[in-house]
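The next block holds one structure in the form of structure tokens; read it before the comments.
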Amino acid sequence: MSTKNSTHAPFPGHPGAARRVSDLLPVFPWDKLEPYKATALAHPGGLCDFSVGTPVDPVPEVIQKALAAATDTPGYPTVWGPPELREAIAGWLHRRLGAEIGPQAVLPTVGSKELVAWLPTQLGLGPGDQVAYPRLAYPTYEVGARLCGAEPVEYDSVDELDGSRVRLLWVNSPSNPTGRVLGARELRRAVEWAREHRVLLVSDECYLELGWEAEPVSVLHPEVCGDGGHEGLLAVHSLSKRSNLAGYRASFVAGDPVVVKELLEVRKHGGMIVPAPVQAATAAALGDDAHVAEQRERYAARRAALRAALEAYGFRIEHSEASLYLWATQDRPCWETVAELAGLGILVAPGDFYGPAGDRFVRVAFTATDERVAAAVERLRAAAAAR
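Okay, so the sequence shown: first residue is 1043 according to this note's numbering, each after it adds one.
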């Protein structure tokens, strides 16, 4: 029977359908950058892409070998992972971050973005609840709130927030996009506020091993969490940046064992399982610090070269004391800067991707190859000299 003139409701997922999930979400920001990418691609020397912080260097051999050794795993892996993985995560948290934590309080996740987006839903938040995140922030914090029907709320200081309505508080240090690092005192103040109001504090610490001019500290460190231990606290970590594992989707969450257990129960039903070879690779990556030090050296050199060239061109760099980005401004609208740099074949991210407060900044990722960084440096210097 023809449905041409049918009065039936649209299929789920079709325009006009009730509760179409994409209608709840903001426009995917990176789609707006495509015309500028086309301009940059047309440059005779090719594109220098600093817009997305995606790793370009090889996956360390020790990790590749661990992955390969675990490829003959025909059975289903578990959501929690084997004891050796959880012990590797807990051991790394203790060794590198000073966190007193056991393997019962950690959980592997399918990349950190997945966790950020679905955490409010998996914890039962919904209409009437608020999810708070920094005024300049990774866009997925807002997405996670909208997916469960909660209200997204930006903040500069936790003291601005309504403790009777906020249920989940995101902190992010080192920050994406600004590279700002929160000291132990600032983090401790956020912990105290969250505990006073019975708000779950979740710390996004994916760049914690990439401090340059400051030493980042975890919310799980005793100096921050204090006598309350890890009650009401979670920390999110990723191996994408420190180990070049963006393609593996290797990450984990750790902290309050009661909350971790609840997430485990929910995720078991949802089948949110890290593949067994990736679980093995994660354990190997967390057991080896040498490759992290080598990668830091690469990033440090690229950061220094790009920073000098941007400053010579007329940019001012703010914060940027950690992470994989330079937070740069010419004190003009960010899209004008994006267009200007695209004309030089250089693609950067506009600051307003991360909130209206960033509308006069651009984020410059120094994750490109040495050759592309050198090409961009030469173009910036030549353009500055020609002025």
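Using N, Cα and C, we set each Cβ at its ideal position, and we do this for glycine too.
Just so it is clear, the structure is predicted and the values come from calculations on it, not from any experiment.
Note to self: Please classify Glu-1420 as buried or exposed, where buried requires at least 16 other C-beta atoms within 10 Å of its C-beta.
What the structure shows: If you draw a 10 Å sphere on the C-beta of Glu-1420, you find fewer than 16 other C-beta atoms in it, and that means exposed.
Checklist line | Beta-carbon gap between Leu-1203 and Val-1213 smaller than 8 Å | finding: no
Margin query: Quick check on this structure: which residue in Leu-1127, Phe-1053, Phe-1070 has the alpha carbon closest to the alpha carbon of Gly-1329?
Written below: Leu-1127
Next item on the list: Can you give me the start and stop residues for the beta strand (DSSP E) that Trp-1369 sits inside?
Entry: 1367-1371
Margin query: Quick check on DSSP: helix, strand or coil for Phe-1395?
Written below: helix
Next item on the list: Report yes if the CB atom of Ala-1226 is closer than 8 Å to the CB atom of Val-1266, and no otherwise.
Entry: yes
Check: Is the stretch 1106-1123 touching the stretch 1331-1347 in the sense that three or more CB pairs, one from each, lie closer than 8 Å?
Finding: Taking 8 Å as the limit for Cβ pairs, the verdict is that the stretch 1106-1123 does not touch the stretch 1331-1347.
Check: Taking the alpha helix (DSSP H) that Tyr-1355 falls in, what are its first and last residues?
Finding: 1332-1355
Note to self: Per the DSSP calculation, Tyr-1197 is bridged to which residue(s)?
What the structure shows: Pro-1176
Next item on the list: Report the option in Leu-1211, Leu-1287, Phe-1357, Met-1314 whose CA atom is closest to the CA atom of Tyr-1118.
Entry: Met-1314
Margin query: Using a 10 Å radius around the Cβ and a threshold of 16 neighbouring Cβ atoms, would you call Ala-1159 buried or exposed?
Written below: buried
Item checked: Nearest neighbour of Trp-1134, chosen from Tyr-1355, Arg-1349, Tyr-1175, Val-1295 [CA to CA] -> Taking Trp-1134 as reference, the option from Tyr-1355, Arg-1349, Tyr-1175, Val-1295 with the minimal CA-CA separation is Val-1295.
Checklist line | Selected residue, minimal CA-CA separation from Pro-1102, among Ile-1388, Ala-1347, Leu-1287 | finding: Leu-1287
Next item on the list: Find the nearest neighbour of Trp-1072 within the set Ala-1427, Ala-1399, Ala-1410, Val-1390, judged by alpha-carbon distance.
Entry: With distances taken between Cα atoms, Trp-1072 lies closest to Val-1390.
Item checked: Backbone secondary structure at Asp-1246 - three-state DSSP -> strand
Check: Is the Cβ-Cβ distance between Ser-1293 and Gly-1153 less than 8 Å?
Finding: Yes, the pair counts as a contact, with Cβ atoms nearer than the cut-off.
Item checked: Check whether Leu-1306 and Arg-1188 have beta carbons under 8 Å apart -> no
Check: Candidates Thr-1220, Asn-1218, Gln-1172, Tyr-1183: which alpha carbon is nearest Ser-1206's?
Finding: Gln-1172
Notebook entry, point to check: So, is His-1279 buried or exposed, given that buried needs 16 or more other C-beta atoms within 10 angstroms?
Noted result: Burial is judged here by how many other beta carbons sit within 10 angstroms of a residue's own beta carbon; His-1279 has at least 16 and is buried.
Next item on the list: Quick one: grab the DSSP three-state call for Glu-1360.
Entry: strand
Check: Any idea what DSSP makes of Ala-1112, helix, strand or coil?
Finding: The answer is coil: DSSP assigns Ala-1112 none of H, G, I, E or B.
Check: When we look at the beta-carbon of Phe-1408 and count the other beta-carbons within 10 Å, is it buried (16 or more) or exposed?
Finding: Counting every other CB atom within 10 Å of its CB across the protein chains shown gives Phe-1408 a total of 16 or more, marking it as buried.
Item checked: Close Cβ partners of Gly-1087 (< 8 Å) along its chain, the five nearest in sequence each way excluded -> Gly-1387, Ala-1417, Arg-1421
Checklist line | Three-way DSSP call (helix, strand, coil) for Ile-1388 in this model | finding: strand
Item checked: For Glu-1363 and Gly-1221, the rounded distance between their alpha carbons -> Spanning the two alpha carbons is a distance of roughly 6 Å.
Item checked: Among Pro-1068, Glu-1238, Pro-1054, Pro-1162, the one whose alpha carbon lies nearest that of Arg-1309 -> Pro-1162
Check: Just reading off the alpha helix (DSSP H) that Gly-1312 is part of, what are its end residues?
Finding: 1299-1312
Note to self: Out of Leu-1281, Asp-1298, Gly-1356, Lys-1079, which one is the CA nearest neighbour of Thr-1151?
What the structure shows: Leu-1281
Item checked: Close-in-space but distant-in-sequence residues of the same chain around His-1272 (CB under 7 Å, 5 per side omitted) -> Ile-1143, Ala-1147, Leu-1262, Gly-1297, Asp-1298
Next item on the list: Please go through the same chain and pick out, in chain order, the residues whose beta-carbon is closer than 7 Å to the beta-carbon of Ala-1326, but skip the five residues on each side of it.
Entry: Result list for Ala-1326: Val-1104, Ile-1105, Ala-1108, in chain order.
Check: Do Asp-1373 and Arg-1402 have their C-beta atoms closer together than 8 Å?
Finding: In this structure, Arg-1402 lies closer than 8 Å to Asp-1373 by Cβ.
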